[in-house]
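Engineer:
Numbering (this note's numbering), first residue to last: 1 to 464.
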């Protein structure tokens, strides 16, 4: 700093002052009038003729030392100036807006909503907090149940083992649902995958589908299985409470149970298990309502738009969900794109059939998109991803036979790959406005070491 002050002072003074006072002093940057001696000029500083240099204005006396050092930077101190300039550029780049309003008129057109995935972001943030509280209650209840087990006799031991087994099964079932609300795995997997780019008709095709490949899939029927498990355990709890109540009332002569069954140990475990089951039922109901939604068409024709249409009847009590697809077609196509892009055994026909039975977890995309930079990349992936079969290493196209059965085939000569074209939108339930991320994207930093030969082919009749 002293060397920079020295250089600035020499450029501002005339030749006589600089020659007569080689070790002069400069008022302190705090403006108190104290003198700070200068060090001798280093040999690497190139002194310019002061007769031709115009005097630079003195910095204001109210500035601090850091401000004076910044003002003392001259073209000769290019290193410091470049560092500060790059810092300012990086700061300005971070402040660029990444979300914009979809329309200036405030209302969104129907064709734009035909294929869209809408994230009700304010409600989603509140939903995350609610899920965190419920998960903590369920986890604490499971831990409390483990501290209540006993083995004083064979009845207590058997009851404790069965009770703990049921609780662990319930907690594992709940943890599988709650894990989808944590996008850490999704973020890491998407960074470790590569886009399925290829060549078609002699030109390179970019296919930004790694964010689709990272999404989790499950078999259809999971809701039915979950309902069966919860109903079965709920029926068991009700039956046990009936038994305990009968023993409390003295009607236990026909029940082959220990005499102390209705005292202390057994009812306590039953109460803890019932509470845990109740928390899980509440969690799963909120989960299915908020994340697994495909909005019905308004009057059977236009996609649902909360700016114009009333709230559907099933959402009147608790409001719109945290996320929804605007059409069944967009939801089915997204499942097909994801299923075909993930490595599985079978032909394209098997891929088509599996896509009709698969279930996706839209909450992974919704929570991931809350990060604006990630939302920009996800929007590009939902819009520009091509239908690609990873088993065959080729771009695919949907077909429909004469009897209306849908199928898949490899893309042929003169045809272009089909894009997904699903819009990612943010909905503000306070202002009833739509917003969308900017369409920004950058490729992953991890690449496959070896590709199939079909993917490197550039023949017009074989698109890969």
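For every residue, glycine included, the Cβ atom is placed at its ideal position computed from N, Cα and C.
(1) With a threshold of 16 other CB atoms inside 10 Å of the CB of residue 200, please say whether the residue is buried or exposed.
(2) Between the C-alpha atoms of residue 470 and residue 430, what's the straight-line distance to the nearest angstrom?
(3) Ordered along the chain, which non-local residues of its own chain (more than five positions away) have a Cβ less than 7 angstroms from that of residue 157?
(4) Are residue 415 and residue 397 closer than 8 angstroms when you measure CB to CB?
(5) So for residue 225, helix, strand or coil by DSSP?
(6) Could you tell me the distance, in whole angstroms, from the CA atom of residue 113 to the CA atom of residue 315?
(7) By how many angstroms is the C-alpha of residue 440 removed from the C-alpha of residue 93?
(8) Just to confirm my understanding: we take residue 70, look at its own chain, exclude 5 residues before and 5 after, and list those with CB closer than 6 angstroms. What are they?
(9) For residue 379, name the three-state secondary structure that DSSP assigns.
(10) For residue 408, which beta-bridge partners are listed by DSSP?
(11) Would you identify the three-state DSSP class for residue 246, choosing helix, strand or coil?
(12) Residue 386: buried (16+ other C-beta within 10 angstroms of its C-beta) or exposed?
(13) For residue 483, which of 203, 127, 2 and 115 has the nearest alpha-carbon?
(14) Just the C-alpha distance for residue 306 and residue 286, rounded to the nearest angstrom, thanks.
(15) Under the assumption that residue 247 contacts residue 261 (Cβ atoms under 8 angstroms), give the Cβ distance between them as a whole number of angstroms.
(16) Buried or exposed for residue 443, please, with buried defined as at least 16 other CB atoms from any protein chain shown within 10 angstroms of its CB.
(17) What I want to know is whether the C-beta of residue 382 ends up closer than 7 angstroms to one or more non-hydrogen atoms of the ligand ZN.
(18) Run through the DSSP bridge pairs and tell me what residue 230 is partnered with.
(19) Does the count of Cβ pairs from the stretch 236 to 245 and the stretch 270 to 280 closer than 8 angstroms reach three?
(20) Counting only the same chain and skipping the five closest in sequence on each side, list residues whose C-beta sits under 7 angstroms from that of residue 234.
(21) Should residue 175 go down as buried or exposed, given a rule of 16 or more other Cβ atoms within 10 Å for buried?
(22) Is it right to say residue 380 is buried, meaning 16 or more other beta carbons lie within 10 angstroms of its own, or is it exposed?
(23) With a threshold of 7 angstroms on Cβ separation, who are the neighbours of residue 148 within its own chain once the five nearest residues in sequence on each side are excluded?
(24) Give the straight-line distance between the Cα atoms of residue 326 and residue 225, rounded to the nearest whole angstrom.
(25) Which partner residues of residue 309 appear in the DSSP bridge assignment?
(26) Looking at the unbroken beta strand (DSSP E) that takes in residue 437, where does it start and where does it end?
(27) Can you tell which of 312, 342, 238 and 130 has its C-alpha closest to the C-alpha of residue 212?
(28) Return the CA-CA distance between residue 337 and residue 190, expressed in angstroms with no decimal places.
(29) Taking the straight line between their C-alpha atoms, what separation do you get for residue 133 and residue 178?
(30) With H, G and I counted as helix, E and B as strand and the rest as coil, what does DSSP make of residue 365?
(31) Under 8 angstroms Cβ to Cβ from residue 237, same chain only, skipping five residues before and after it: list those, please.
(32) Taking DSSP's pairing of strands, which residues face residue 200 in a bridge?
(33) What is the DSSP secondary structure of residue 235, counted as helix, strand or coil?
(34) Can you tell me whether residue 303 is buried or exposed, with buried defined as 16 or more other CB within 10 angstroms of its CB?
(35) What does residue 360 pair with, by DSSP beta-bridge criteria?
(36) Where do the N-terminal and C-terminal ends of the beta strand (DSSP E) with residue 118 fall, by residue?
Structural biologist: Inspection of the coordinates gives the following:
(1) Classification for residue 200: buried.
(2) One cannot answer for residue 470 here, as it falls past the ends of the chain, which runs 1 to 464.
(3) The answer, listed in chain order, is 151.
(4) Yes; because the gap between Cβ atoms is below 8 angstroms, this pair is in contact.
(5) Assigned with DSSP and collapsed to three states, residue 225 falls in helix.
(6) It is roughly 19 angstroms from the alpha-carbon of residue 113 to the alpha-carbon of residue 315.
(7) Reliability of the predicted coordinates at residue 93 is poor, the pLDDT of 42 falling under 50, and the value obtained from them is presented with this limitation in mind. Roughly 14 angstroms separates the two Cα atoms.
(8) The pLDDT assigned to residue 70 is 35, lower than 50, so where the model puts this residue is not dependable; a value taken from the coordinates is nonetheless given after this. Scanning its chain for C-beta atoms nearer than 6 angstroms, with the 5 sequence neighbours on each side dropped, one finds no residue around residue 70.
(9) If DSSP states are grouped into helix, strand and coil, residue 379 belongs with the helices.
(10) Paired residue(s): 398.
(11) DSSP, reduced to helix, strand and coil, places residue 246 within a helical segment of the structure shown.
(12) The residue is buried, with at least 16 neighbouring Cβ atoms inside 10 Å.
(13) Because residue 483 is not part of the residues shown, which for the chain are 1 to 464, the question remains open.
(14) Using only the alpha carbons, I get a separation of about 21 angstroms.
(15) Your pair residue 247 and residue 261 checks out as a contact, with CB atoms roughly 6 angstroms apart and the cut at 8 angstroms.
(16) Classification of residue 443: exposed, given that the 10 Å Cβ count is below 16.
(17) Absence of the ligand ZN from the depicted structure is noted, as is the absence of any ligand whatsoever, leaving it without description.
(18) Under DSSP, no beta-bridge partner is assigned to residue 230.
(19) Touching, per the Cβ criterion.
(20) Here the set comprises 277.
(21) With fewer than 16 other Cβ atoms within 10 Å, it is exposed.
(22) A residue is called buried when at least 16 other Cβ atoms come within 10 angstroms of its Cβ; residue 380 meets this threshold and is buried.
(23) Around residue 148: 268, 269 and 272.
(24) Across the structure, residue 326 and residue 225 are spaced so that their CA atoms are roughly 27 angstroms apart.
(25) The partner list for residue 309 (beta bridge, DSSP) is empty, contrary to what the question assumes.
(26) Under the DSSP assignment, residue 437 falls in the beta strand (DSSP E) whose first and last residues are 433 to 437.
(27) Comparing Cα positions, the closest option is 342.
(28) Cα to Cα, the separation comes out at about 16 angstroms.
(29) Separation of residue 133 and residue 178 (C-alpha to C-alpha, rounded to the nearest whole angstrom) is 12 angstroms.
(30) Here residue 365 sits in helix by DSSP.
(31) Taking C-beta separations shorter than 8 angstroms and ignoring five residues to either side along the sequence, the partners of residue 237 in its chain run 270, 273, 274 and 277, following chain order.
(32) DSSP, once it has assigned bridges, lists 203 as partnering residue 200.
(33) The answer is helix: DSSP assigns residue 235 an H, G or I state.
(34) Label assigned to residue 303: buried.
(35) Residue 360 is bridged to 217.
(36) If you look at residue 118, you'll find it in the beta strand (DSSP E) that goes 116 to 120.
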